[in-house]
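Take a look at the structure set out below.
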Amino acid sequence: DAGVIQSPRHEVTEMGQEVTLRCKPISGHNSLFWYRQTMMRGLELLIYFNNNVPIDDSGMPEDRFSAKMPNASFSTLKIQPSEPRDSAVYFCASSFTGTVGGYTFGSGTRLTVV
Amino acid sequence: SQQGEEDPQALSIQEGENATMNCSYKTSINNLQWYRQNSGRGLVHLILIRSNEREKHSGRLRVTLDTSKKSSSLLITASRAADTASYFCATDATQGGSEKLVFGKGTKLTVNP
C-alpha cells in the first residue's frame, strides 16, 4: 500500500483565492482525519469522517473551511476565501476504527497564503 | 485544545545516551499513543499503551503510563542520530463512537553524533 496520499505537497496562493487540498486514505480504513499543524498551535484536529460521514467538525475554524468525503477513497478540504493566517501544514490521516494500530498520516500539504 | 502536554519542549543528547520524554494529560483516556515526526514529514505511529497497561516495550522504546497521575513517559535507549525528530503523545478519549485523538505540542529531540 502506498500509504495516505496527499496532494499537492506545496501550495502557494494569494489571499482571497480558493484552495483545495486532497487526500486518498489507505484502502480499507474507515476513518479519515484532517489536522492542521502550526508552530503556535501545534496539531489541531479539524474534522473527521467515519464511513464517509462527517462525525465531528468542531475543530473547523470557520465557515471558510469545508470538507467532503464523497467516497471511501477520497476526501477534500477546501478553504474559500483563503487568508494569510491559514498558512500551515495540513495533514490527512486514516485508520480502521477499533484497531490499535494508530493513525497513518500522509506527508502533508504545506499551504502558504500571501 | 491540547490534551497532552510534552515535557521537555526540546532535548539534546549524545548518541548512545538514553532520552526520556514525558507527557501529561487532563481527562480519562482509553489509550495513549506516541508518534514521531521527522522534519518536513508526516507523523509515524510508534506505540500504543492502553489505559489498563502500565508499561510497554517495542525495540529500543519503553513507554510507561500512570493513570493516577495522568502521565506517560517515552524512553528511547541507546539513542542514534537517526532518532532525531519531534515526538508527540496523543490521547484517545473516544466516547460513544466519537473518535478523537488529541496531540500535544511535542518534544524536539536532537541526537548528536
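Chains X and R are the protein sequences, given in the same order. Residues 1 to 114 (this note's numbering) make up the first sequence, in order. Residues 115 to 227 (this note's numbering) make up the second sequence, in order. For each residue, glycine too, the CB sits at the ideal point set by N, CA and C.
Helix, strand or coil: which one does DSSP assign to R/A133? The three-state secondary structure of R/A133, taken from DSSP, is strand.
Considering only residues of the same chain and omitting the five flanking positions on each side of X/P54, which have a CB-CB separation below 8 Å? Around X/P54: I47, Y48, A67, M69.
With DSSP run on the structure shown, which of helix, strand or coil describes R/D206? Strand at R/D206.
Leaving aside the five residues before and after X/F33 along the sequence, list all residues of the same chain whose C-beta is less than 6 Å from its C-beta, in chain order. Hits under 6 Å: Y48, A93.
What separation, rounded to the nearest whole angstrom, lies between the Cα atoms of R/S186 and X/G16? Cα to Cα, R/S186 sits roughly 43 Å from X/G16.
Compute the distance between the beta-carbons of R/L157 and R/L179, then report whether it is under 8 Å. In this structure, R/L179 does not lie closer than 8 Å to R/L157 by Cβ.
Start-end ranges of the beta strand (DSSP E) lying completely within the stretch 168-195 of chain R, minimum 3 residues: Look at the stretch 168-195 of chain R and you find these whole runs of beta strand (DSSP E), each 3 residues long or longer: 169-172, 175-180, 185-190.
Contact check, X/G42 vs R/G218 under 8 Å by CB: the rounded distance? Contact holds; Cβ gap of about 7 Å.
Can you name the residues of chain R whose CB is closer than 9 Å to the CB of X/Y116? Coverage of chain X is limited to positions 1 through 114, which leaves residue 116 of chain X absent and any answer about it impossible.
The beta strand (DSSP E) enclosing X/V114, as first and last residue numbers: Counting along the chain, X/V114 falls outside any beta strand (DSSP E), and DSSP gives it neither H nor E.
Bounding residues of the beta strand (DSSP E) (the contiguous stretch that carries X/A88): Residues 88-95.
C-alpha gap between X/S110 and R/I143, whole angstroms: Residue identity check: residue 110 of chain X is Arg in the sequence provided, not Ser. Answer to the nearest angstrom: the Cα atoms are 31 Å apart.
Is the Cβ-Cβ distance between X/Y116 and R/H159 less than 8 Å? Past the boundaries of the shown model lies residue 116 of chain X; chain X is included only from 1 to 114, so the question cannot be answered.
Name the one or two DSSP bridge partners that X/E11 has. Beta-bridge annotation (DSSP): X/E11 is paired with X/L111.
For the candidate residues X/P8, X/P81, X/H10, whose alpha-carbon lies nearest to that of X/E62? Closest by alpha carbon: X/P81.
Chain X contacts from the stretch 167-183 of chain R (Cβ-Cβ distance under 9 Å): Those would be none; no residue qualifies.
So with Cβ pairs under 8 Å, would you call R/K219 a contact of chain X? It does; some Cβ of chain X falls within 8 Å.
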